[in-house]
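Keeping their order, the protein sequence lines are chains A and B. Per the numbering used here, the first sequence starts with residue 16, numbered consecutively. Per the numbering used here, the second sequence starts with residue 16, numbered consecutively. The next block holds one structure in the form of structure tokens; read it before the comments.
Protein chains: 2
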Amino acid sequence: MASQDKNKATWIWYPGDFEIRLHEKMSAKRTARGVAYPAYWQLDRHYSNIKFRYAYELEQEEEITIEAEGVFSLYLDGKDNYRTNRSSITLPAGRHEIMVSVFNDTEMPALYVAGHSIQSDSSWEVTSYQNDWLPAGFWKFDAPENRPSAFRLAVTPQEPVSVMDQEGHPLLDFGKETFGYLRFHNLSGNGSVNVYFGESITEALSPDECVTLDAFEAEEARRLQEDGVFTLEEPKAFRYAWIHADPGVTWEHVSMLYEYVPVQYRSSFDCSDPKLNDIYTMSLYTLHLNTREFFLDGIKRDRWVWSGDAYQAFLMNYYSFFDLDVTRRTLVALRGKDPLAMHLNTIVDYSLYWFISLYDYYLYTGDFTFIRQNYDRAVTLMEFCLNQRNEEGFIEGRPQDWVFVDWADLTNTGAVSTLQILLARSLEAMGAFSDLIGDKKAASTYGRLAAELKEKTMALFWDNERGGLLHHRVDGETKPILTKHANMFAMTYGYLSEVQRSSVIRQVMLNPEVPQIRTPYMRFHELAVLCDSGEHDFVRKEMLSYWGGMMDLGATSFWEEYDPSLADDEHYGMYGMPFGKSLCHAWGAGPIYLIGKYYLGITPASPGYETYRIRPNLGGLQHMQGTVPIGEGQVTVKMDLSSIRVESTNGSGLLTFASSSLPECPDAEVRAMGNNIYEITVEAGKLYRITYEA
Amino acid sequence: MASQDKNKATWIWYPGDFEIRLHEKMSAKRTARGVAYPAYWQLDRHYSNIKFRYAYELEQEEEITIEAEGVFSLYLDGKDNYRTNRSSITLPAGRHEIMVSVFNDTEMPALYVAGHSIQSDSSWEVTSYQNDWLPAGFWKFDAPENRPSAFRLAVTPQEPVSVMDQEGHPLLDFGKETFGYLRFHNLSGNGSVNVYFGESITEALSPDECVTLDAFEAEEARRLQEDGVFTLEEPKAFRYAWIHADPGVTWEHVSMLYEYVPVQYRSSFDCSDPKLNDIYTMSLYTLHLNTREFFLDGIKRDRWVWSGDAYQAFLMNYYSFFDLDVTRRTLVALRGKDPLAMHLNTIVDYSLYWFISLYDYYLYTGDFTFIRQNYDRAVTLMEFCLNQRNEEGFIEGRPQDWVFVDWADLTNTGAVSTLQILLARSLEAMGAFSDLIGDKKAASTYGRLAAELKEKTMALFWDNERGGLLHHRVDGETKPILTKHANMFAMTYGYLSEVQRSSVIRQVMLNPEVPQIRTPYMRFHELAVLCDSGEHDFVRKEMLSYWGGMMDLGATSFWEEYDPSLADDEHYGMYGMPFGKSLCHAWGAGPIYLIGKYYLGITPASPGYETYRIRPNLGGLQHMQGTVPIGEGQVTVKMDLSSIRVESTNGSGLLTFASSSLPECPDAEVRAMGNNIYEITVEAGKLYRITYEA
């Protein structure tokens, strides 16, 4: 079977163009109250004109069949005036080179060639006629009829849990946040049908203000129905749907087609606190809903691919589905093509997150091939970023740029310290990539730039008295404004000394005088940093109050923003719209990451989890058990106040834990590291049982 | 009427994208024996995601209608969550800003807005979301139903002049080279029909080797016919068509739809030599056939837009149709978008011709707006070219580049002198553009670079003994190879001293030892240079023998290449194909330019023909009369051995002529310039009658 798979033909294309074409389509899917709202950045496009090549040697002639998305022509050995477009030809024996040009100005040009020994796959090369023969791109399209342009997510039927009458119109409740296509079964009568969707019941019951809606004519709908079912053309995010039909229009019932990526739930978590378990489960669901063609920001409103949002979704994904397809698609789509006139999503920080995300991808997967595929575009993106350093060497937003940092009352003029930290980390990532690629000179340059920037940032932004990095520096003067953001990132990336770390925790992170963080987006980083400093107990309580707070308000998935001080329906407003807030936002799913990384405590110590660390921490829980995927395999941890069990399937781990008395382990040597810290080396395929004292 | 036109709404789009989208389509139209043969360079694409804006002030509300190619949404005053896609809305009175986003990933997004006072036109701005608010592009699409994506050239029916039986199959002869869609009237029966096209009769009668062919099934064709006529989907270039049908398939007759740009024939030429008159007429027809969506190289084979070919077509066009639409479309399409990885058409010299063509455009039209629209892309193309200078500062081809110069036995390694001359001229053009734009610093840089390059080229390529510029320089050593090419361009652009010019004419251009030029492409430049040196009599004879030679062989349009030494059907071969040669090639139409510029003698002396020179020269003819367009107007010259008549409609001209006795003119003062040369200032709207002695 393995050898057959190896010889299996796949559709091939210009690398990256599948993602870029799909991204172009998806970025135009957003609607605002039924009206198109395409992304407000430049959308890159697939190359319409490409050419494949493949050199072969055959002992005897062989028949191949050829399929293309687009207009193709095939010729041999450079004889480009003598081409064929027949779907089946016989290749002559001997050494020859096949060339196939494919043109498609609607969908991405793609090719599928199948013969006994000659099959289209990534050993074919492709050019966009820019002196760029590259290994062809491919994915899982391995049959002629399984065409890349027809790629769709999976769907499965769902039924409403209740249908209530509201002012004479049915209000459907699907029980929890969902995404997909509403379906009408056995429509009859003539007239208009209007559907008002709501992530909250209030939204669905507000026809004049709900963010998504749809409408159709029953007569037209019947023409379009299949097997008595009319499915709305565009999917929507909702829990509730309120349906207003003209008198005389009736139907048997309404259901929906849930649309999703069939990911595997490869992580698990179960602990002594049922509420935390629910938070974990709801986080997984929130992330899953946003794990689609790409990692989206939120499923109701933008449905766009935002680099800063994706940065977090990637990390959550490593601690849950470990779905690398959607990760790679997202990274490729975000970067797009050259030239760059604007930053990713128009936001300077979002360009920088892309480098860090790519580095994380390498750390969690060890997949150097993907780094190599994206290296050239990483280099040009970094050139673009470095070009906007000011005289002091700090990166600044240009007038046309958005320096975001966070939804908060921030003044991001001049050189913002957060951007310097992100750029330093990005330069380190580029240094690592260059090193992997084998470009020592580039690696050394990036390394030097990173070191210089870190040093300068610490020198000019650090305020000894206030114990942290100040927010920004304008015209050579650092302003006396203290925010948490740069401090969090500097801690995360290990840019602070022990003294600085402790000062940041005490004087910044836990200081009520410093403006509080309100978005789950930055809470993600904030709470990670607190865990990094051993504040697990505090973070657990924060999770229970913040994410638990949303649940108490009836959330079935986590929100874009949460302010406990708001009353009732005020929670749903944002961007000047009463229901503008997304109630299913990827960045709301942070507990997946916090729990997997800091409670179960699994982190890669070398790329692809060849080695890893296991530092379980109950953080105030009585007991917990759970699993974290580490590439193909997984690590399972079970812990209570007196025992720890660890088991892994791959690589080699280093288990670290605290115990107030000397722990015992019949399965391995326990090494005392001082300060009540103990270590055990964990080999794959063995169960480790430790008795300790919390 | 004028004010109504001014207020007429037009379709608008992102500037340049109409041309770029059309170019993408046309570049994939070539077929080789029925099989697609798309251009082998990267094809740029239109932006799919754009946004228009327009600020207005209205005293009272106004209803507008909105049409879009693509999905649009309109909102006012930045309220982007509250959009409409209705085709008719009422704009509120007062000061407001309209924004309209349009997304279209198939055809170019375009917008049409019509109200009483608010109309879409070039006063609207558009962005591709790259910090690039630009005046919207537009052309002549001024009705809602007249959509840019539906743009087609004009068509008109043509009938064959004869139908002969050849081996039992009808052979149609349309009398001369033509281009368009073959049509079958009243088809009946079932079976296949194969059509073999030929620019020559031999080609049409060679089903196995003819370059273009077509085929259809009669049954399917009948389904597609309109009013009893089935029209082939793809147009072809041909004079002959040989039709093989299965027994039982019959038709009433076959005609064609000639497809063309309805240009005005604004020039004329009539002289004492009927053969030269015929050459002029056939040149006009050859150019017209190649004047299409863009200036093509040839209509049978490539049907691509080649910059070096277009450079000459532009010049011919200024002396005939003066069609600026096709000129602008061609210049925009050729340049495409950034980034540049390869040269225009992959050819280094073809990038350089683009600058020179753009300069010529300015010189002949005075249209600064177009220069400004293209300036940024000119700057980046020049950067790209300058980046590949060698250590000595000479431009060289990279391994992936094609250095063409000419179809000839040339070795174009190292620094080729022709490229240096073209680069110097391009730098001068950039200097002029920068100066117009008002960027004095850039103008001075380009000017300095041009001067340095010219000086270095003359110093290192000029061979005093051989009296010309040598062909190339490899690894710091100028090779002892003398060709005409660089010398021609250096003369044309005025880079030679009087002594050098005379040496080049004598020792290079008229020296039979120097390899002869065989393509009309370089004959164009060669003969122009000889005219520049007063060799009109020689050039007239060359036209008669070279272009006349093609006519003697039965040409009805002029060819890609002509070698009088070949026998019979060998004339039709090229590129390893027996009928590979194009028999209707734009660069074959050079006599238009030679006659208009050097015999009728009209050239602009300042941009847009505000002033011009008239230097008529009979060049051995007994008499001649003719007209040359000068922008909106024209200059008419009539001359024989003893009289000259000149009349112009615009601007101010300087008539220069030679006379062996003192000429007389009752209409103006005649100024003697010495050496039997006389000048008269010609004002618009007046007839000048001169008596002189040839």
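Where is the CB? At the ideal position from N, CA and C, for every residue including glycine.
Proximity of Phe-245/A and Arg-237/A at Cβ, strictly below 8 Å: Taking the C-beta atoms as reference points, Arg-237/A is found nearer than 8 Å to Phe-245/A.
Are there 16 or more other CB atoms within 10 angstroms of the CB of Lys-155/A, so buried, or fewer, so exposed? Under the 10 Å beta carbon count, Lys-155/A is surrounded by fewer than 16 other beta carbons and is classified as exposed.
Taking the alpha-carbon positions, what's the Lys-21/B to Glu-248/A distance? Residue placement at Lys-21/B cannot be trusted, given a pLDDT of 49 that sits under 50; the coordinates are not used to answer.
DSSP three-state label for Ile-133/B, please. Looking at Ile-133/B - three-state DSSP - the assignment turns out to be coil, as it is neither helix nor strand.
Strand pairing of Lys-66/B, partner residues [DSSP]: Assignment of beta-bridge partners to Lys-66/B by DSSP yields Ser-116/B, Thr-142/B.
Would you list, in chain order, the members of the stretch 103 to 128 of chain B that have their beta-carbon closer than 8 Å to a beta-carbon of chain A? Answer set for the stretch 103 to 128 of chain B: Ser-116, Phe-118, Asp-120, Thr-121.
Residue interval of the beta strand (DSSP E) (run including Tyr-211/A): Residues 207 to 213.
Could you tell me the alpha carbon to alpha carbon distance between Trp-148/A and Val-418/A, rounded to whole angstroms? Rounded to whole angstroms, Trp-148/A to Val-418/A spans 37 Å at the Cα level.
Kindly indicate which three-state DSSP category Cys-680/B falls into: helix, strand or coil? In this structure, Cys-680/B counts as coil in the three-state DSSP scheme.
For Leu-58/A, return the contacting residues in chain B, with the cut-off set at a CB-CB distance below 7 Å. For Leu-58/A, the residues of chain B that pass the 7 Å Cβ criterion are Ser-63, Asn-64, in the order they occur in the chain.
Quick one: what does DSSP say Ser-580/B is sitting in, helix, strand or coil? Correct three-state label for Ser-580/B: coil.
Any C-beta of chain A sitting closer than 8 Å to the C-beta of Ser-221/B? Not one chain A Cβ lies under 8 Å of Ser-221/B.
Mind checking Met-16/A: buried by the 16 CB within 10 Å criterion, or exposed? A caution first: Met-16/A carries a pLDDT of 30, below 50, which makes its placement in the model unreliable, though a value can still be read off. The residue in question, Met-16/A, is exposed, as its Cβ has fewer than 16 Cβ neighbours within 10 Å.
Name, in chain order, the residues that DSSP records as bridge partners for Ile-362/A. DSSP output for Ile-362/A lists Trp-417/A as bridge partner(s).
For Leu-468/B, which option in Thr-626/B, Leu-451/B, Arg-440/B, Glu-218/B has the closest C-alpha, if you only look at C-alpha atoms? That would be Arg-440/B, whose Cα lies nearest to the Cα of Leu-468/B.
Report back the beta-carbon spacing between Ala-683/A and Thr-696/A to the nearest angstrom; my notes put them in contact at under 8 Å. Between Thr-696/A and Ala-683/A the Cβ distance is about 6 Å, and since that is below 8 Å, they are a contact.
Using 10 angstroms around the beta-carbon of Arg-521/A, count the other beta-carbons present and answer buried if the total reaches 16, otherwise exposed. By the neighbour-count rule (16 or more Cβ atoms within 10 Å), Arg-521/A is not buried but exposed.
Straight-line CA distance for Arg-45/A to Ala-51/A? In this structure, the straight-line span from the alpha carbon of Arg-45/A to that of Ala-51/A is close to 6 Å.
Tell me whether the stretch 28 to 48 of chain B and the stretch 107 to 127 of chain A touch, counting them as touching only if at least three CB pairs, one residue from each stretch, are closer than 8 Å. As far as the Cβ criterion goes, the stretch 28 to 48 of chain B touches the stretch 107 to 127 of chain A, which means the pair count is three or higher.
Host beta strand (DSSP E) of Glu-78/A (start-end): Taken as a continuous stretch (DSSP letters only), the beta strand (DSSP E) holding Glu-78/A covers 77 to 84.
State yes or no: is the beta carbon of Ile-27/B nearer than 8 Å to at least one beta carbon in chain A? With 8 Å as the cut-off, Ile-27/B does not count as an interface residue toward chain A.
Using a Cβ-Cβ cutoff of 8 Å, what residues of the stretch 252 to 274 of chain B are near chain A? List them in chain order. Residues passing the 8 Å Cβ filter: none.
Test: Ser-88/A CB closer than 8 Å to a CB of chain B: Chain B, which has a Cβ nearer than 8 Å to the Cβ of Ser-88/A, makes this yes.
Pick from His-540/B, His-61/B, Lys-556/B, Tyr-590/B: whose alpha carbon is nearest that of Ala-328/B? Minimum Cα distance to Ala-328/B is reached at His-540/B.
Count the other CB atoms, across all protein chains shown, that sit within 10 Å of the CB of Lys-499/B; report buried if there are 16 or more and exposed otherwise. Counting the other CB atoms within 10 Å of its CB gives Lys-499/B a total of 16 or more, which places it among the buried residues.
Just the C-alpha distance for Val-264/A and Val-394/A, rounded to the nearest angstrom, thanks. Taking the straight line joining both Cα atoms gives about 59 Å.
According to DSSP, Gln-279/A sits in a beta bridge with which residue or residues? Its beta-bridge partners do not exist; DSSP assigns none.
With a cut-off of 8 Å on the beta carbons, I'd call Cys-599/B and Ala-129/B a contact; round off their distance for me. Beta-carbon to beta-carbon, Cys-599/B and Ala-129/B are separated by about 42 Å, too far to satisfy the 8 Å threshold.
Taking Cβ-Cβ distances below 9 Å as the criterion, which residues of the stretch 567 to 598 of chain A are in contact with chain B? From the stretch 567 to 598 of chain A, only Tyr-590, Gly-591, Met-592, Gly-595 have a Cβ closer than 9 Å to chain B.
Closer than 8 Å by C-beta to Gln-173/A: which residues in its own chain qualify, once you throw out the five before and the five after it? Chain order, please. These residues qualify, in order along the chain: Phe-189, Thr-193, Gly-195, Ser-270, Met-271, Leu-272, Tyr-273.
Short CB-CB distance (under 8 Å) between Arg-392/B and chain A: With 8 Å as the cut-off, Arg-392/B does not count as an interface residue toward chain A.
Proximal residues of chain B, C-beta to C-beta of Tyr-55/A below 9 Å: The CB of Tyr-55/A comes closer than 9 Å to the CB of Asn-64, Lys-66, Asp-95, Ser-116, Tyr-144 in chain B, given here in chain order.
Does Gln-415/B get closer than 8 Å to chain A when you measure Cβ to Cβ? Yes - at least one Cβ of chain A is within 8 Å of the one on Gln-415/B.
Beta-carbon contacts of Ile-610/A that lie in its chain and below 7 Å, excluding the five residues immediately before and after: Closer than 7 Å at Cβ, skipping near neighbours: Phe-284, Tyr-295.
Cα-Cα, which of Pro-250/A, Arg-630/A, Met-566/A, Thr-618/A is closest to Asn-292/A? In terms of Cα proximity to Asn-292/A, the closest of Pro-250/A, Arg-630/A, Met-566/A, Thr-618/A is Met-566/A.
Could you check which residue in Met-503/A, Trp-574/A, Asp-583/A, Pro-527/A has the C-alpha nearest to that of Asp-547/A? Checking every option, the nearest Cα to that of Asp-547/A belongs to Met-503/A.
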